[in-house]
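These notes concern the structure reproduced below.
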Amino acid sequence: MKKHVLFVQGAGEGAYEEDRKLAASLQDALGVEYEVRYPEMPDEDNPQVEAWKEKIARELAATDGETVLVGHSVGAFILLEYLFEEEVEKLVTGLFLVAAPYLGTGGWEVEEGALPEDFASKLPEGLPVFLYHGRDDEIVPFEHLALYAEKLPQATIRELDGGGHQLNDYLSRVARDIERSRQDGDLPAGLGGPTRRALAAAGYTRVEQFTVVSEAEVLRLHGMGPKAVGGIRSALAARGLSFAENPERVTKLPARRKEGMP
6 MKKHVLFVQG AGEGAYEEDR KLAASLQDAL GVEYEVRYPE MPDEDNPQVE
56 AWKEKIAREL AATDGETVLV GHSVGAFILL EYLFEEEVEK LVTGLFLVAA
106 PYLGTGGWEV EEGALPEDFA SKLPEGLPVF LYHGRDDEIV PFEHLALYAE
156 KLPQATIREL DGGGHQLNDY LSRVARDIER SRQDGDLPAG LGGPTRRALA
206 AAGYTRVEQF TVVSEAEVLR LHGMGPKAVG GIRSALAARG LSFAENPERV
256 TKLPARRKEG MP
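Anchor point for the sequence shown: position 50 equals 55 in our numbering, and the numbering is continuous, going up by one each time.
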């Protein structure tokens, strides 16, 4: 099954055609194992946040399995807003924001639609977040990146030299981070830090490892509870997998993948 990426365009007249080059670059860099979906958002020259969020929700609902979210410019901002405001039923495994404008104090001051002070605390716990911004961005000031970095200390920050707002239509850096994030482990983003540490201590870093153990066995691990097991169950189901019904028949766990291996 291919891995899914949903790319959300920026705003303004002609933005869809301009950002098509970014989406194509990302697809080329990720290769055939990934499918980059690039839907046209409504009213790009006068974007309405709710309409864009509804479109994002429909795109996610039409996608089987887990999805990586990538947004450019206003699309990045609306993706962020979607994640902290909405109940997301699909499994999102990463958020990659390119040239995102910061709406609020210190950024673009607006009467409505500014980011709430606590927006970071409302994002799915454990969700990998990456931010990219060119120093010579002629549309969204480079200083907006520092505002996000302050609010999202868990995020990986990429300060880029050259490329402007469109990053020269080249997203190989984003593609490398998407792949590296996947290789580092693919446990559900909603699992808390203590739960992740407990699973790692027991040797679990990838979802498919749970196909050889039962829910009861996982619940017996220190720090695990029904909510965490439910998250793992959903992650398995998204891939057409499930916990083992007869784990006693399995004599060996799947080997943990070494860094750099596919």
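Glycine residues also receive a C-beta, built at the ideal position from the N, C-alpha and C atoms. From a predicted model like this one, the values you see are computed outputs, not experimental measurements.
| Check | Outcome |
| --- | --- |
| I144 and A154 closer than 8 Å at C-beta | no |
| Local conformation of Y153 per DSSP, three classes | helix |
| Residue interval of the alpha helix (DSSP H) (run including F82) | 79 to 90 |
| T98, buried or exposed, once every other Cβ within 10 Å from all chains shown has been counted against 16 | buried |
| Cβ separation of F82 and L128, assumed to be a contact under 8 Å, to the nearest whole Å | Between L128 and F82 the Cβ distance is about 14 Å, and since that is not below 8 Å, they are no contact. |
| Alpha carbon of G80 to alpha carbon of Y107, nearest angstrom | 12 Å |
| Assumed close pair F248, V179 - CB separation to whole angstroms, cut-off 8 Å | Not a contact, Cβ separation roughly 34 Å. |
| N51 versus G15: straight-line alpha-carbon distance, rounded | 11 Å |
| 8 Å Cβ shell around L224 - same chain, five flanking residues per side excluded | G230, P231, V234 |
| Per DSSP, cross-strand counterpart(s) of H227 | Looking at the DSSP assignment, H227 forms no beta bridge with any residue, so it has no partner. |
| Sequence-distant residues of the same chain with beta carbon closer than 6 Å to L84, five excluded per side | V13, L74, G76 |
| Proximity to E22 [Cα-Cα], best of H227, G118, D174, A125 | D174 |
| G245 to V217 span [Cα, whole Å] | 14 Å |
| Top-ranked residue by Cα proximity to H5, from A203, T210, Q159, S78 | Since the displayed the chain opens at 6 and closes at 267, residue 5 lies outside it and no answer follows. |
| Coil, strand or helix - F124 by DSSP | helix |
| Cβ-based burial, R63 [other Cβ within 10 Å; buried from 16] | exposed |
| Beta carbon proximity, G76 to chain B, threshold 8 Å | In the structure shown, chain B does not exist; there is a single protein chain. |
| Check whether E91 and K60 have beta carbons under 8 Å apart | no |
| Segments assigned beta strand (DSSP E), at least 3 residues, entirely inside the segment 155 to 195 | 161 to 165 |
| Exposure of H227, with buried meaning 16 or more beta-carbon neighbours within 10 Å | exposed |
| Straight-line gap, V134 to G197 (C-alpha atoms, nearest Å) | 15 Å |
| Simplified DSSP state of E22, which is helix, strand or coil | helix |
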